[in-house]
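Chains as they are written, first to last, in the UniProt record's numbering: chain A, 1 to 222; chain B, 1 to 222. Note sheet for the following structure.
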DNA sequence: GCGTGACTTGAACGCTTGTCCAAGTCAAGC
DNA sequence: GCTTGACTTGGACAAGCGTTCAAGTCACGC
């Protein structure tokens with residue numbers, strides 16, 4: 001194989017690992033399979049990574065980062081909340097459903113991380129990333145549609161991630177695109193019902209009037 | 001080891017497999033580890049099961065069945081919907097949170113099933129069971145609280161399973177009992193908001209006035 | 001041009017895995 | 001009591017795994 005600086009080779013191996021694991025599952029991503037996918041001999045992997053675990057951590061980090069939302073800023077400002085949320089949510093869903101293997105891999109990574117100490121940080125990193133991303137999207141929605149939410153953004157972000165996870169998992173199992181989209185868009189409509197119009201001239205940060213010390217026993221609109 | 005008819009030995013091995021896999025993860029449930037857990041020598045496992053895959057399928061079947069809801073019939077009839085749902089949902093959550101390893105195992109089984117052909121039917125069986133159980137619980141709630149739902153029971157059951165899955169997964173990762181319970185109970189409150197009181201004397205089956213051919217683009221109450 | 005050191009190679013090692021099997025053991029029926 | 005057959009045992013096997021390493025190769029700076 002062509003010579004390559006180690007940093008570049010690492011990136012290539014991470015991509016190869018991602019390809020194998022997305023296609024055939026995390027257990028199929030053996031050191032040998034990754035080397036073969038990259039067109040590289042076995043020893044190279046351990047030249048670039050101390051462990052197999054280090055390769056897996058790097059792969060998890062890569063898939064976490066490339067799952068961050070994109071194309072948010074194309075939403076026309078001033079549109080109705082329902083439209084903004086619908087566009088955002090269905091965009092997110094299509095990104096997920098077009099990468100079935102990668103989505104399944106994220107769940108495999110989560111469960112693996114919860115079982116083996118060497119991958120301890122992987123799952124929580126995944127979820128911290130997802131929650132932060134969801135919060136970012138929600139704030140973006142607030143800004144674009146001039147609304148705030150009846151629930152603190154961080155709490156709502158957790159709900160968003162949970163619901164998307166749940167519907168994704170069900171879709172991975174039964175492959176029912178219609179039911180999945182219906183569920184996700186239904187949740188989008190519910191989200192829209194939580195939005196409270198922002199009176200012009202008020203502060204633009206969402207839901208600051210909520211008492212953060214109060215327990216939120218309900219996520220339904222007041 | 002004491003002699004035992006093969007059917008009984010199978011049950012014992014399934015229990016042992018469940019114990020190992022719940023405690024240490026599905027990958028730790030090797031034939032040897034299961035045999036050791038059962039206090040039985042290696043060959044016994046292949047005397048009782050053709051394959052390791054057959055043992056895994058049997059284990060999946062067992063955990064699916066023991067996850068069915070119980071204690072539903074203790075709900076006092078005639079109680080307010082919100083109370084009935086709250087009791088049901090928090091009971092369900094405590095059952096989950098007291099069996100962390102088993103809950104994690106169900107996700108490991110789902111992802112494994114989606115990757116290896118020998119376990120093909122496992123995941124869909126799991127979810128068919130969950131959806132049916134959720135629908136059963138919802139119908140029970142309808143009967144106990146004298147309500148119907150604004151959404152077809154089967155659609156709502158899918159939502160329930162998705163939301164519970166999502167919050168469970170997040171809880172497995174970050175261990176935040178408070179956030180999980182808040183999320184789950186918030187969803188319960190949302191569910192209660194979907195309930196429509198049943199006028200006395202009307203038919204007792206829920207939501208039959210919904211046009212099943214119409215696409216449900218929203219799960220928010222009309 | 002010529003080292004020098006970064007990069008590559010593939011054989012080898014020890015370990016674990018699922019599966020098989022010949023031999024052993026024991027309870028039940030005649 | 002003996003025979004039969006269901007049940008048990010644990011060693012053996014091949015395959016695959018992560019990891020190591022001595023040897024080879026090539027590009028780059030002097």
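All C-beta atoms in this analysis are idealised placements derived from N, C-alpha and C, irrespective of residue type, glycine included. The structure presented is a predicted model; accordingly, all values stated were derived computationally and were not measured.
key: Neighbour list for residue 174 (chain B) in chain A, Cβ cutoff strictly below 8 Å   = 124 and 127
Three-way DSSP call (helix, strand, coil) for residue 187 (chain A) in this model = helix
query = So is residue 41 (chain B) buried or exposed if we call it buried at 16+ other beta carbons inside 10 Å?
reply = exposed
query = Taking the continuous alpha helix (DSSP H) assigned at residue 3 (chain A), which residues delimit it?
reply = Counting along the chain, residue 3 (chain A) falls outside any alpha helix (DSSP H), and DSSP gives it neither H nor E.
query = Between the Cα of residue 145 (chain B) and the Cα atoms of B:12, B:4, B:30 and B:199, which residue gives the shortest distance?
reply = B:199
query = Whose C-beta lies closer than 7 Å to the C-beta of residue 123 (chain A) among residues of the same chain, with five residues either side of it excluded?
reply = 110, 113 and 114
query = Assuming residue 165 (chain A) and residue 165 (chain B) make a contact with CB atoms under 8 Å, what is their CB distance in whole Å?
reply = 7 Å
task = My understanding is that residue 170 (chain A) touches residue 126 (chain A), with C-beta atoms under 8 Å, so please give their C-beta distance in whole angstroms.
result = Actually they do not touch by this definition, with Cβ atoms about 19 Å apart.
task = Please confirm whether any heavy atom of the ligand PLP lies closer than 7 Å to the CB of residue 112 (chain B).
result = With respect to small molecules bound, the structure shown includes none, and the ligand PLP cannot be examined in it.
request  = Could you tell me whether the Cβ of residue 216 (chain A) comes closer than 8 Å to any Cβ of chain B?
outcome  = Per-residue confidence for residue 216 (chain A) stands at a pLDDT of 41, beneath the threshold of 50, marking its modelled position as unreliable; no derived number is given.
key: Residues near residue 156 (chain B) by beta carbon distance below 7 Å, same chain, minus five either side   = 138 and 149
inquiry  = Among the candidates B:12, B:158 and B:98, whose CA atom is the shortest distance from the CA of residue 38 (chain B)?
reply    = B:12
Partners in chain A for residue 167 (chain B), counting only beta-carbon separations shorter than 7 Å = 162
request  = Quick one: give me the first and last residue of the alpha helix (DSSP H) that residue 147 (chain A) is part of.
outcome  = Run containing residue 147 (chain A): none in the alpha helix (DSSP H); it sits in the beta strand (DSSP E), 147-149.
ask   = What is the C-beta distance between residue 45 (chain B) and residue 55 (chain B), in whole angstroms, given that I count them as a contact (C-beta under 8 Å)?
value = 7 Å
query = Which of the three DSSP states, helix, strand or coil, is assigned to residue 19 (chain B)?
reply = helix
query = Would you say residue 47 (chain B) reaches chain A, if we count a Cβ-Cβ gap shorter than 8 Å as a contact?
reply = no
ask   = What residue does the alpha helix (DSSP H) around residue 82 (chain B) start on, and which one ends it?
value = 81-97
ask   = Do residue 19 (chain A) and residue 85 (chain A) come within 8 Å of each other at the CB atom, strictly closer than that value?
value = no
task = Report the option in A:36, A:103, A:154 and A:120 whose CA atom is closest to the CA atom of residue 66 (chain A).
result = A:103
query = If the cut is a Cβ gap below 9 Å, which residues of chain B does residue 159 (chain A) touch?
reply = 163, 166, 167, 183, 186 and 187
query = Rounded to a whole number of angstroms, what is the C-alpha to C-alpha distance between residue 117 (chain B) and residue 182 (chain B)?
reply = 38 Å
query = Would a check of beta-carbon distances place residue 57 (chain B) closer than 8 Å to chain A?
reply = no
query = Using CA coordinates, which residue listed in A:187, A:141 and A:129 is at the minimum distance from residue 174 (chain B)?
reply = A:129
task = Starting from residue 148 (chain A), find everything on chain B with Cβ-Cβ shorter than 8 Å and list it in chain order.
result = The premise fails here: residue 148 (chain A) is roughly 18 Å from chain B at the closest Cβ pair, so nothing lies under 8 Å.
inquiry  = If contacts are defined as beta-carbon pairs under 8 Å, then residue 16 (chain B) and residue 31 (chain B) qualify, I think. What distance do you get, rounded to the angstrom?
reply    = About 11 Å; that fails the 8 Å criterion.
Beta carbon of residue 89 (chain B) nearer than 8 Å to that of residue 147 (chain B) = no
key: is_contact[residue 108 (chain B), chain A] using C-beta, thresh 8 Å   = yes
Inter-residue Cα distance where the pair is residue 92 (chain B) and residue 77 (chain A) = 42 Å
ask   = Going by other Cβ atoms of all chains shown within 10 Å of its Cβ, with 16 needed for buried, is residue 121 (chain B) buried or exposed?
value = exposed
ask   = the stretch 17-46 of chain B: which residues have C-beta closer than 9 Å to a C-beta of chain A, in chain order?
value = 24, 25, 26, 27 and 28
key: Cutoff 7 Å; reference residue 214 (chain A); Cβ partners in own chain excluding five residues on either side   = Its pLDDT being 42, under 50, residue 214 (chain A) is placed unreliably by the model, and the measurement read from it follows with that caveat. Hits under 7 Å: none found.
task = Answer yes or no: do residue 153 (chain B) and residue 135 (chain B) have a C-beta to C-beta separation smaller than 8 Å?
result = yes
query = Just how far apart, CA to CA, sit residue 64 (chain B) and residue 196 (chain B)?
reply = 32 Å
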